[in-house]
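Using the numbering used here, the first residue of the sequence shown is number 3, and each one after it goes up by one.
For glycine and all other residues, C-beta sits at the position ideal for the given N, C-alpha and C.
Keep in mind the model is a prediction, meaning the values are calculated, not measured.
Comments concern the structure below.
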Amino acid sequence: MNLQNKTILITGSSSGIGAATALEFAKQKAKVIITYNKNKSSALSILKECQKHSECALMKLEITNEKLIKDCLKQTIKKFFHLDILINNAGILHDKNFEEQTPSELKEQIAVNLTGTILFTWHALPILKKQKEAMIINISSLAGKRGHDGFTAYSASKFGVRGFTQALACELPNNVRVYCVNPGLTSTPMTNFRGISTKIVAEKILETALEVLNKKSGEDIDLEEYSG
């Protein structure tokens, strides 16, 4: 897909993988919607960087709040008239053993990582289907392919994202493709900056959108696990 003048919405893009991805797409002259929940100052910094390359916008989004999801999509259409690519990136990790986590922490990871991805996709899909070609890129994890200690609810949510991607691909019309990108441990605030560079992950997400990886809709795009 040629990304110039395409409209890209990235959930959870005020920092980490989402922020790096926003910049990579802006460099391709795509119109990028940067979303944030709490960290507006960081989101404004990312917006400023992206606007050096392309027309971009900043929107408030709480991925578990359907009203804010609908508001975000309405603002997107009002400003850019269409949506071409949705990148479901928003996520949260409580890196503690299962019994050390509270029920609210367990539920939060499922709500943000899995339910939020599903709900945002449900609301965005009628808009995406209007395009000649459109795409959904879900960000899962290698922890969604193999479980790890400290990642119980997180792994469960990311396994779910992969299953959702595969099942959705069976239902979507030919003009909408869906892929699942699975990074390993990545250097973000969520991981205390352990792991591979967010730029490496963002570049792989960009390659997914450009469809240079010869993947079929519904397939995984894996990044090698961090070994440092």
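* To do: Could you tell me which of 78, 158 and 74 sits nearest to residue 112, measuring between CA atoms?
  => 158
* What are the complete alpha helix (DSSP H) segments, minimum 4 residues, inside the region 66-139? -> 68-82, 105-112 and 118-130
* Asked: So, is residue 104 buried or exposed, given that buried needs 16 or more other C-beta atoms within 10 angstroms?
  -> exposed
* **residue 223: first and last residue of the uninterrupted beta strand (DSSP E) it sits in** => 222-224
* Asked: Hey, would you say residue 178 sits closer than 8 Å to residue 137, going by beta carbons?
  -> yes
* Taking the alpha-carbon positions, what's the residue 181 to residue 116 distance? -> 15 Å
* Taking the alpha-carbon positions, what's the residue 171 to residue 222 distance? -> 12 Å
* To do: Give the C-beta separation of residue 198 and residue 89 to the nearest angstrom, bearing in mind that I take them to be a contact with Cβ-Cβ under 8 Å.
  => Actually they do not touch by this definition, with Cβ atoms about 18 Å apart.
* In chain order, what residues of the same chain lie with their CB nearer than 7 Å to the CB of residue 218, ignoring the 5 residues before and after it? -> none
* Helix, strand or coil for residue 210, going by three-state DSSP, please let me know. => helix
* State buried or exposed for residue 210, treating a residue as buried only when at least 16 other CB atoms are found within 10 Å of its CB. => buried
* To do: My understanding is that residue 144 touches residue 186, with C-beta atoms under 8 Å, so please give their C-beta distance in whole angstroms.
  => 5 Å
* To do: Kindly indicate the opening and closing residues of the beta strand (DSSP E) around residue 62.
  => 58-62
* Asked: Which term fits residue 86, buried or exposed, when burial requires 16 or more other beta carbons within 10 angstroms of its beta carbon?
  -> buried
* **Whole-angstrom distance between residue 19 and residue 35, CA atom to CA atom** => 14 Å
* How would you call residue 101, buried or exposed, if buried means at least 16 neighbouring beta carbons within 10 angstroms? -> exposed
* Asked: In chain order, what residues of the same chain lie with their CB nearer than 6 Å to the CB of residue 164, ignoring the 5 residues before and after it?
  -> 142, 146 and 182
* To do: Closer than 6 Å by C-beta to residue 29: which residues in its own chain qualify, once you throw out the five before and the five after it? Chain order, please.
  => 55
* Asked: So the alpha helix (DSSP H) residue 25 belongs to, where does it begin and stop?
  -> 18-29
* **Integer-rounded CB distance, given that residue 139 should sit under 8 Å from residue 207** => 6 Å
* So, using beta-carbon positions, are residue 64 and residue 91 closer together than 8 Å? -> no
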